[in-house]
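A short worksheet on the structure shown next.
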Amino acid sequence: MVQERRILYEHLDVPDINTLEVYLQYNGYRGVEKALKELDPETITQTVSDSGLRGRGGAGFSTGMKWRFVPRDITPKYLCCNADESEPGTCKDRYVIERKPHMLLEGIIIACYAIGINTAYVYIRGEFTAGKKILDAAIEEAYEAGYLGKDILGTGFDLDVYTHPGAGAYICGEETGLIESLEGRRGQPRNKPPFPAVEGLFGKPTVVQNVETLANLPFIVLNGAEWFTSMGVDYNPPDAEKPNPMLVNTGTKLYGVSGHVEKPGVYELELGLTCRELIEVAGGVRGGNRLKAVIPGGSSAPVLTHYEIDVPMDFTSLQSAKTMLGSGGIIVMDETVCMVDALLNLLKFYAHESCGQCTPCRWGTPWARDIVDRIEHGEGRPGDIEKLQDVANNIANIDTFTWETICVFGISVSWPAVSYSRKFLPEFEAHIREGKCIVLDRDEACVSPEDNYAWMKSQ
Ligand SMILES: Cc1cc2nc3c(=O)[nH]c(=O)nc-3n(C[C@H](O)[C@H](O)[C@H](O)COP(=O)(O)O)c2cc1C
Ligand code: SF4
166 MVQERRILYE HLDVPDINTL EVYLQYNGYR GVEKALKELD PETITQTVSD SGLRGRGGAG
226 FSTGMKWRFV PRDITPKYLC CNADESEPGT CKDRYVIERK PHMLLEGIII ACYAIGINTA
286 YVYIRGEFTA GKKILDAAIE EAYEAGYLGK DILGTGFDLD VYTHPGAGAY ICGEETGLIE
346 SLEGRRGQPR NKPPFPAVEG LFGKPTVVQN VETLANLPFI VLNGAEWFTS MGVDYNPPDA
406 EKPNPMLVNT GTKLYGVSGH VEKPGVYELE LGLTCRELIE VAGGVRGGNR LKAVIPGGSS
466 APVLTHYEID VPMDFTSLQS AKTMLGSGGI IVMDETVCMV DALLNLLKFY AHESCGQCTP
526 CRWGTPWARD IVDRIEHGEG RPGDIEKLQD VANNIANIDT FTWETICVFG ISVSWPAVSY
586 SRKFLPEFEA HIREGKCIVL DRDEACVSPE DNYAWMKSQ
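See the structure below:
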């Protein structure tokens, strides 16, 4: 049986670990002490690059490479910690913020020192009122103890950290939407390039980094790149002269497992364990039911059928399987789920959350929702499935990996719409033919996972 590998979540349940006093008893701020007193910014940046750390917020971009894009000679520069945690199915950053806020602050301090940043903002999901209070209290403690403010630990390095609550918009988790919101405007994503690392907050170089990504930094600094690369998987050939960062999947990952498992929760495991193993760690499918489908990386990720769950849960393998690790929010669905209803649920969310800037997303998202809505409610028409896929593909195309929108929100709409209606086609067809949902009746063989699979194989 696979075991959890707790690093970020170690000591998570220690009473009052959110306070500086208790955090210090568990090696707290040793990462910062080492970074600021013993290492220069370039050494830290190189160590982070060598560790292979990839962003844990969704895109899986190489953290070291992102830092290298930042022009050193422009000031001021900013760090935005993305604590919006808005992707449905994701609930991992919340526990870092509520239980180990000082670990996050350590990560922020180390990143800012390495990049030459003196101001950091934590953009925190508006609903995390408790988390914001806890984080604000930790920031106050850190100022009092000399870990923040002027001349940190007598090293001459200055850093101010501010928290900023969001107001409930999913799109403010997208890095440029976040920046717009932080500047006081509507959270509407910007065209890229320029990328934030070059021109971000207030027009200055800005590094946007997820909570979990930053929380890894104290451990990487303390234990070294080699320690980090000893966990997870690297698909580069061992003798590769210039390893491809997109094939590196090192470290652990916080996987939030929800839905139809016996023990839903957030589990920290090495990258690269299979989806099947992860479901086992979460106690298996509830009540001995049969597994039907798994969303592997937050609701934006294309769905996996139960025949595909031996895929390793890492960035590279999931991309090869035409889906993504995303934020690591795993939603498990058993045989009682109607896939049309599940897709409708997601599309309702996305239609509500589109910021409306781009025509394909503004019109296509509610259009896709309405098609699925009528299929689900017995009013589906012949040609609806083709229409749904056509509308979705005109927002973003899963086969060509292209999108017609400013931000990749379009992918979040299109990829699930296409993957659900392709992989569970007989179920969508049955809805239209019968004029009702027949999954729960179990009187129609074609909606079972086996028949879906048989259909897929015949294609
Ligand atoms: C619609 C949308 C929502 C997003 N929401 C979040 C979020 O809630 N938290 C997050 O860290 N990243 C989110 N991202 C990804 C960010 O744009 C960005 O890639 C990430 O914060 C970079 O940090 P990382 O490199 O540490 O992952 C979202 C992206 C999109 C397109
Ligand atoms: S893709 Fe959608 S959410 Fe993103 S900028 Fe365009 S309209 Fe807004």
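Everything in the sequence shown is counted per my numbering, starting at 166 for the first residue and increasing by one.
Note that CB positions come from ideal geometry on N, CA and C, so glycine has one too.
Every value quoted in this text rests on a predicted model; they were computed, and no experiment measured them.
Check whether the stretch 374-385 and the stretch 457-471 are in contact - that is, three or more C-beta pairs closer than 8 Å.
no
Less than 7 Å between the beta carbons of residue 327 and residue 278, yes or no?
The residue given as residue 327 occupies position 162 in the sequence shown. The residue given as residue 278 occupies position 113 in the sequence shown. With respect to residue 278, residue 327 sits apart: the two C-beta atoms are not nearer than 7 Å.
At what residues does the alpha helix (DSSP H) containing residue 526 begin and finish?
Taking the first residue of the sequence shown as position 1, residue 526 is located at position 361. Run containing residue 526: 524-541, per the alpha helix (DSSP H) assignment.
Just mark residue 354 as buried or exposed, buried being the case when its beta carbon has 16 or more other beta carbons within 10 Å.
Start at 1 with the first residue of the sequence shown, and residue 354 comes out as number 189. Flag for residue 354 reads buried.
Let's see if you can read the secondary structure: which residues bound the alpha helix (DSSP H) around residue 591?
Here residue 591 refers to the residue found at position 426 when the sequence shown is read from its first residue. Where residue 591 is concerned, the enclosing alpha helix (DSSP H) stretches over 590-599.
Taking only three categories from DSSP, how would you classify residue 171?
Position 6 of the sequence shown holds residue 171. In this structure, residue 171 counts as coil in the three-state DSSP scheme.
What separation, rounded to the nearest whole angstrom, lies between the Cα atoms of residue 402 and residue 482?
Sequence index remark: in the sequence shown, residue 402 carries index 237 (1-based). Sequence index remark: in the sequence shown, residue 482 carries index 317 (1-based). Cα to Cα, residue 402 sits roughly 15 Å from residue 482.
Which residues in the same chain as residue 450 place their Cβ atom closer than 8 Å to its Cβ, once the five residues preceding and following it in sequence are excluded?
Looking up residue 450 in the sequence shown gives position 285. If we look at residue 450 and ignore the five residues flanking it on each side, its Cβ neighbours are 425, 426, 427, 444, 456, 497, 499.
To the nearest angstrom, report how far apart residue 506 and residue 490 are at their CA atoms.
Counted from its first residue, the sequence shown places residue 506 at position 341. Counted from its first residue, the sequence shown places residue 490 at position 325. Whole-angstrom Cα-Cα distance: 23 Å.
Buried or exposed for residue 571, going by 16 or more other Cβ atoms inside 10 Å?
Walking along the sequence shown from the start, residue 571 turns up at place 406. By the 10 Å Cβ count, residue 571 comes out buried.
So residue 373 and residue 343 are in contact, right, with Cβ under 8 Å, and what is the actual spacing, rounded?
As a working note, residue 373 is residue 208 in the sequence shown. As a working note, residue 343 is residue 178 in the sequence shown. Right, their Cβ atoms sit about 7 Å apart.
Given this structure, state the Cα-to-Cα distance separating residue 257 from residue 294, to the nearest angstrom.
Stepping through the sequence shown from its first residue, residue 257 is reached at position 92. Stepping through the sequence shown from its first residue, residue 294 is reached at position 129. Approximately 16 Å between the Cα atoms of the pair.
Exposed unless 16 or more other CB atoms sit within 10 angstroms - verdict on residue 234
By one-based count along the sequence shown, residue 234 stands at place 69. Residue 234 should be labelled exposed.
Quick check: what's the CA-CA separation for residue 203 versus residue 173?
Position 38 of the sequence shown, counting from 1, holds the residue named residue 203. Position 8 of the sequence shown, counting from 1, holds the residue named residue 173. The alpha-carbon separation between residue 203 and residue 173 amounts to approximately 23 Å.
For residue 249, verify whether its CB is less than 6 Å away from any heavy atom of ligand 1.
For the purposes of this step, residue 249 is identified with residue 84 of the sequence shown, where counting begins at 1. Residue 249 Cβ: within cutoff of ligand 1.
Those residues, in chain order, that have a beta-carbon closer than 7 Å to some heavy atom of ligand 2
Residues lining ligand 2 by the Cβ criterion, that is a Cβ closer than 7 Å to any of its heavy atoms, are 336, 339, 353, 354, 519, 520, 521, 522, 523, 526, 527, 570, 571, 572, 574, 575 in chain order.
Cα-Cα separation, residue 388 to residue 332
Here residue 388 refers to the residue found at position 223 of the sequence shown. Here residue 332 refers to the residue found at position 167 of the sequence shown. Straight-line Cα distance between these residues: approximately 38 Å.
Local Cβ density within 10 Å of residue 386, reported as buried at 16 or more and exposed below that
As a position in the sequence shown, residue 386 is number 221, starting the count at 1. That one is buried.
Presumed contact (8 Å Cβ cut-off) between residue 458 and residue 504, rounded CB distance:
For the purposes of this step, residue 458 is taken as residue 293 along the sequence shown, with counting starting at 1. For the purposes of this step, residue 504 is taken as residue 339 along the sequence shown, with counting starting at 1. Contact flag correct, Cβ pair sits at about 7 Å.
Would you mind reading off the limits of the alpha helix (DSSP H) that contains residue 498?
Stepping through the sequence shown from its first residue, residue 498 is reached at position 333. That residue, residue 498, is in no alpha helix (DSSP H); its beta strand (DSSP E) goes 494-499.
Inter-residue spacing [alpha-carbon to alpha-carbon] between residue 227 and residue 595
In the sequence shown, counting from the first residue as 1, residue 227 sits at position 62. In the sequence shown, counting from the first residue as 1, residue 595 sits at position 430. If you take the alpha carbons of residue 227 and residue 595, they lie about 44 Å apart.
Between residue 397 and ligand 1, is the CB less than 6 Å from at least one heavy atom?
Taking the sequence shown and counting its residues from 1, the one referred to as residue 397 is at position 232. Every heavy atom of ligand 1 is 6 Å or more from the Cβ of residue 397, so no.
Can we say the stretch 306-324 touches the stretch 183-197, given the rule of at least three CB pairs closer than 8 Å?
yes
When you compare each of 540, 414, 191 to residue 215 by their alpha carbons, which one comes out closest?
Indexing the sequence shown from 1 puts residue 215 at position 50. Of the candidates 540, 414, 191, the one whose C-alpha sits nearest the C-alpha of residue 215 is 414.
Note down the Cα distance separating residue 127 from residue 597, rounded to an integer number of angstroms.
Nothing in the structure corresponds to residue 127, since the chain is present only between 166 and 624.
Among the candidates 359, 365, 357, whose CA atom is the shortest distance from the CA of residue 348?
Taking the sequence shown and counting its residues from 1, the one referred to as residue 348 is at position 183. Closest by alpha carbon: 365.
Compute every distance between the C-beta of residue 566 and the non-hydrogen atoms of ligand 1, then say whether any falls below 6 Å.
Indexing the sequence shown from 1 puts residue 566 at position 401. Residue 566: no, Cβ never under 6 Å from ligand 1.
What is the DSSP secondary structure of residue 481, counted as helix, strand or coil?
Here residue 481 corresponds to residue number 316 of the sequence shown, with the count starting at 1. Helix, per DSSP.
Whole-Å CB distance - residue 289 paired with residue 296, under 8 Å assumed
On the sequence shown, position 124 is the one that residue 289 refers to. On the sequence shown, position 131 is the one that residue 296 refers to. With 8 Å as the limit, residue 289 and residue 296 qualify as a contact, their Cβ atoms being about 7 Å apart.
Only counting runs of 3 or more residues, tell me where the beta strand (DSSP E) segments fall wholly within the stretch 188-271, in order along the chain.
Counting only runs of 3 or more, we get 243-248.
Same chain, Cβ closer than 7 Å to residue 607, neighbours up to 5 away in sequence not counted
Your numbering for residue 607 matches position 442 in the sequence shown. Because residue 607 sits at a pLDDT of 49, beneath the cut-off of 50, its placement in the model cannot be relied upon, and the following sentence gives the value as read from the coordinates. Taken in chain order, the list of residues that qualify is empty.
Pick out the complete alpha helix (DSSP H) segments inside the stretch 359-385, 4 residues or longer, and give them in chain order.
376-380
Three-state secondary structure (DSSP) of residue 319:
Here residue 319 refers to the residue found at position 154 when the sequence shown is read from its first residue. Helix.
With DSSP as the reference, label residue 609 as helix, strand or coil.
Along the sequence shown, read from residue 1 onward, the residue named residue 609 stands at position 444. Legend: pLDDT at residue 609 = 47, less than 50; position of this residue unreliable, no value from coordinates given.
Have a look at residue 200 and residue 209 and give me their C-alpha separation to the nearest angstrom.
If you number the sequence shown from 1, residue 200 lands on position 35. If you number the sequence shown from 1, residue 209 lands on position 44. Roughly 7 Å between the two C-alpha positions.
Supposed contact pair residue 291 and residue 330 - C-beta distance, whole angstroms, cut 8 Å:
Numbered from its first residue, the sequence shown carries residue 330 at position 165. Numbered from its first residue, the sequence shown carries residue 291 at position 126. Residue 330 to residue 291, Cβ: 5 Å. Contact.
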